[in-house]
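Counting with our numbering, you get residues 36 to 1038 for the letters of the sequence shown.
Working notes, structure below.
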Amino acid sequence: MTQWAFPSTYVARTHTVLSSSAFIVALIIGLLYHYKKIVKNAVAQYPDEWWPSVSATIGDWYPERNLFQFLIALTSGPRLGLVFVQYLLHSNSKISVFIFISGLIRTLCCGGWVYVTSSDDHEVHDFFMISYMVCNIPWMLGCVVLAPAQTRRRRLTVASGFFLSLIPLIYYYIQHQVHRIPGAYTRYSFFEWSLIVFDVLFDSIAEDELRSANLQIFVGKNLIAAQASVNEKSETGATKTIVESAAVLKNPTKITTVDELVSKENANFSSRFSFMRQIASWKPAISFVSSVYLSYIFWSIFTSLIPTLFYFSVWELGISGHELALLSVLSPFFLSMAPVQSWAKSRDGATTLRALSLLGLAAFVLDKPVHRLAVVFFASATAMMAEAVNWAVADAEYSREIVTGLGFLLSSLSKHANHSNNPVWPFVNSNSGGYNKTGIILAALAIYEHHSREPLALSTQLTPKKATDPSDSATSSHWLSAAIPLGSLIFTLHSLLSDPGTLIAWSWTGYLNSQPQGPLPHLHGSLTIIAQSIGLLLAFALISRSSIDVLAHPFWFAYGSVATAVLYSSRNWYGYIGGLNLAIFVTSIIPVVLKRASTAAGSEGKHTGRVYFTAMLVYCLLGLASIWTVAYAFVPGGVYLRERTDLVLILQMACLSLAFEWPGLKSRASQRKTAVSPAFLSCTPVTLACFSVASLLVTMYRTPTGFPQPFKPGPRIFNAGIWTVHFGMDNEGRDSQRLVRDVVRDMELDVLGLLETDLHRIVFGNRDLTRVLVEEIGYYVDVGPGAASHTWGAVLLSKFPIVNSTHHLLPSPHGELAPAIEAVLDVFGTYVTVVVAHNGQEEDPLDRELQSTELARIMAASYPRPVLFLGYVVTKPHAQRPAPYEILVQDGRVHDIDQDDLDRWCEYIFYRGMYRTSYARISRGKVTDTELQIGQFALPPHGSSVVDESKEARYLRSYKEDLPEDHWFPMSYYEPGRHNHFYHVFGTPLYYKIPKDPQIQSL
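Have a look at this one:
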């Protein structure tokens, strides 16, 4: 049998021709025969829509659909062959098998969305299409990593175009699908076709790679083989030819390495970017600002992951499986693979990783929480890899370490300025305080600047320490002792300092004699930022004097330990001052801990993967431990960490201690002392000063002018409400502060109890649900028991001065710890006791009984003072003991707002010593899974109390028209209502008359 041989480039060229022809032929025939039909969609038709989508072109009409499928069938052979020959070409790489499998799955998924069109089965078509896109990620990234230098840049450019096209693609799809804007689908179609073009172009580049490898395919004599004939110089200098059947040998001809490519790029930098010479004096400062902003983007993506995934845990009230997304931060594991690490350290690799991480910012356009989680999962993985490589690169100036701290500080400042929400988080948008588009544009500019830096700056980034550096040999063996404190540092920064209000919430206890006993977030949060700035400035000052090792002294660790102990054991200003000192300590050791880790990674990056993987594993374990201190009822083994934040703090500090130089232990080699660059020397203190001043200006700008005033200051009436707001996440997984604000303002609520509000945990983003209400409407606020008290949180907002308040941790021997706020309000000169409480779950009847008994005692103790109870009580109306209802009403000496309302389960309003004039239940809308209950109350004349509280006196039902308009709730909330809220259950508010001759007595 004759043996046939042909170049493997024919496989790639055939694939390119057939795949291109399939789409081109289908498009031309579709435009000729069915133009108006294929541009028509469910929203609009021609002329509003004038360009067809890919799916409509290839899947809806004869004959284009059939011709397309015929050509794609012919393409399948070359496509599979291309995957196979590329595997042979790179079979000596550790990741070649992974790429090969990705290519096979990608090819099969292509057949899925081609032969099952959207008109056949929309869900199946979308499944294969999405799977195809997902498989493109490892396929394209892997091909970029393994590509030779002469084609790597082309592959990177095409791959970047492919992934960046997804951003406008998703945006216009939402404009079409959700907002139903005519013409949006045409714009969507352009980017859909661009994906096809980029996809085909990417695979076509393989032809050049196969040509340079001289890969031959032989068929015949029962042999199908690939053969490479190359010239190789032997050790003696002679030239020989190597021919091996069914094998692929590397072309030993010298291939330009990534470092050499960078050197060549650096040599041509000035000529290609000559216009930048005009701003040469600004370049170092611009690079500094760009680096700080990129660090900010990393921290923004990093801190958004857990709130995005924990949305599902909250809804399930248990482990939902989405928690596995946390594993994305373990992505530095892949840096253990030499090709991946080499690529990630290169200019192109670093740029690609950072660019891909921007998908985490772009995820804000996705409406479904599960879709956002999938994108944020991928973005977090790429961002963590990029930052780990950035941290691992040797830098004698400590500039990367300081920049990391500045980026974190900028993240905290942005939350302080934006009502405790990071403005680029994917679960906020323009309706919830997001500036996502601005953030993405600035990030893209920063990435471009980072990619195109001057030769000196770039070489500093990419040049590792020499292998002869004594610090490497002294510390590389201690990679574990360097990784553990890094993980603890990242967790400490995230859990305590990522929002300026977290330390305040830890120390807050309430009001005494009409004055707050401790700091308030909207007034004193800037002090936290200033303390962090002091810590970084201290580290910078020691770096500039080559004395950074002072911060590794055990005395400095003792200072941090004392600050931690004061924060945990003290409250109010003493506890907060302890927290400020802890902030100084933690931010000051950022350079020390990061430097230990980078040195331990080794001069050649030998331990990079294990160091940063271990660090993030420590971070994950500490994060889970902190969650279990309050979520113990919903996780296996949680009982062992129930309410043991002290153990978590001790473990944090124990891990951090490994970064310090302890007497008697083998001393680590000192870092090299080199001069600090002028740009770093001048930019760092200026930036810290700007952050500090900006935090003070934000406080001044956000602080409400004047004192809170009731909505109706004339008559002695006020509106009150109770709402379980589900940790500030609406039903779509976005921040709900502004949704709550709109309803509260419309209902003119003077007193408001909010439950499930303790958001100062990493799982909820370390946020403050009260900031928008306090700063935009004006309230006195008591945030209730804080994060150190291990409850789900309760908040009291009042238009009236809070005279005194006491926080209670209700008896909870079995289930979750229940919070309560007992406050005395000065309501039009009359003291009214308000109780806001969250009872336990129905799984723990003893807890509910004990908690209800304590709440009844609190309300009865203030008799005969007027009382208002706003709470979450798991009981049915009129339920007998030991159920909570009878205990609270009888023992607490209070009345149900409407005992005839039998359709309640968890939210209740009780009162005493006042007249109830209105009662309404408002649908939850999309804010939460619980309705808002509101009531209106009228106080007796000043200095007197109600005597006749009989049922007859309390239930003088009325029509609203028989009452003054002051007593009416908004008419606009009758169904269909506003903001997706309306009066439900009764379909209207219920109204009650005040007795004509009320019986009152002097107090």
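Each residue gets a CB set at the ideal place from its N, CA and C atoms; glycine is no exception.
In this text, all values refer to a predicted model and were calculated from it rather than measured experimentally.
Which residues DSSP lists as bridging residue i, in chain order
i       : result
Phe904  : Val870, Phe945
Glu857  : Thr841, Val870
Leu427  : The question names Leu, but residue 427 is Ala in the sequence shown. According to DSSP, which records beta bridges pairwise, Ala427 is partnered with nothing at all.
Met164  : Looking at the DSSP assignment, Met164 forms no beta bridge with any residue, so it has no partner.
Asp931  : Phe945
Arg951  : Phe972
Tyr1018 : Ile957
Tyr1026 : Ser953, Ser993
Gly865  : Note that residue 865 is Thr in the sequence shown here, rather than Gly. Per DSSP, Val862.
Arg1013 : His1016
N-terminal and C-terminal residue of the alpha helix (DSSP H) that residue i is part of
i      : result
Phe103 : 99 to 124
Glu877 : Careful: Glu877 lies outside any alpha helix (DSSP H) and carries neither H nor E.
Arg989 : 986 to 989
Gly970 : Segment 967 to 973 is the beta strand (DSSP E) holding Gly970; no alpha helix (DSSP H) there.
Thr142 : 131 to 150
Val438 : 434 to 452
Lys72  : 70 to 74
Met688 : 680 to 691
Pro520 : 514 to 527
Lys747 : Neither: Lys747 is in no alpha helix (DSSP H) and is coded neither H nor E.
Asn471 : 471 to 486
Ser90  : 89 to 94
Whole-number beta carbon distance between residue j and residue i, since they are thought to touch under 8 Å
i      : j       : result
His17  : Thr110  : Nothing can be reported for residue 17: it is not among the residues displayed for the chain, which extend from 36 to 1038.
Pro720 : Phe575  : 7 Å
Val870 : Glu884  : So it is not a contact: roughly 17 Å between Cβ atoms.
Pro743 : Glu810  : Incorrect: roughly 11 Å between the Cβ atoms, too far for contact.
Gln376 : Gly637  : With 8 Å as the limit, Gln376 and Gly637 do not qualify as a contact, their Cβ atoms being about 11 Å apart.
Ala829 : Leu790  : 6 Å
Thr826 : Pro854  : 4 Å
Glu227 : Leu245  : Going by Cβ atoms, the distance from Glu227 to Leu245 rounds to 29 Å, so no, they are not a contact pair.
Ser953 : His1002 : 6 Å
Phe462 : Gly768  : 6 Å
Residue i classed as buried or exposed, judged by whether at least 16 other C-beta atoms fall within 10 angstroms
i       : result
Glu966  : buried
Glu99   : buried
Thr634  : buried
Arg580  : exposed
Lys1031 : exposed
Val778  : buried
Pro529  : The sequence as given places His at residue 529; Pro does not occur at that position. By the neighbour-count rule (16 or more Cβ atoms within 10 Å), His529 is buried.
Gly741  : exposed
Lys185  : Residue identity check: residue 185 is Gln in the sequence provided, not Lys. So Gln185 ends up on the exposed side.
Asp997  : exposed
Met1006 : exposed
Lys403  : exposed
Ala593  : exposed
Gly356  : exposed
Ala77   : exposed
Cys725  : exposed
Gln567  : buried
Tyr207  : buried
Met735  : exposed
Tyr1027 : buried
Ala481  : buried
Residue i - containing beta strand (DSSP E), residue span
i      : result
Leu832 : 829 to 833
Asp817 : 815 to 817
heavy atom of the ligand ADP below 7 Å from residue i C-beta
i       : result
Glu1000 : The model depicted lacks the ligand ADP and carries no ligand whatsoever.
What are the start and end residues of each continuous beta strand (DSSP E) run of 3 or more residues lying completely inside the region 591 to 678, in chain order? Taken in chain order, the region 591 to 678 contains no complete beta strand (DSSP E) segment of 3 residues or longer.
Mind pulling the alpha helix (DSSP H) runs of 4 or more residues that sit fully within the region 749 to 809? Segments of the alpha helix (DSSP H) lying fully in the region 749 to 809: 772 to 782.
Quick check on the DSSP output: what are the complete alpha helix (DSSP H) runs of length 4 or more inside the region 529 to 593, in order along the chain? Look at the region 529 to 593 and you find these whole runs of alpha helix (DSSP H), each 4 residues long or longer: 537 to 542, 556 to 579.
Those runs of the beta strand (DSSP E) which lie wholly inside the region 339 to 405 and span at least 3 residues: Whole beta strand (DSSP E) segments, 3+ residues: zero.
Suppose only complete runs of 4+ residues qualify. What are the alpha helix (DSSP H) ranges in the region 193 to 247, listed by chain order? Counting only runs of 4+ residues, the alpha helix (DSSP H) found wholly inside the region 193 to 247 occupies 201 to 212, 219 to 239, in chain order.
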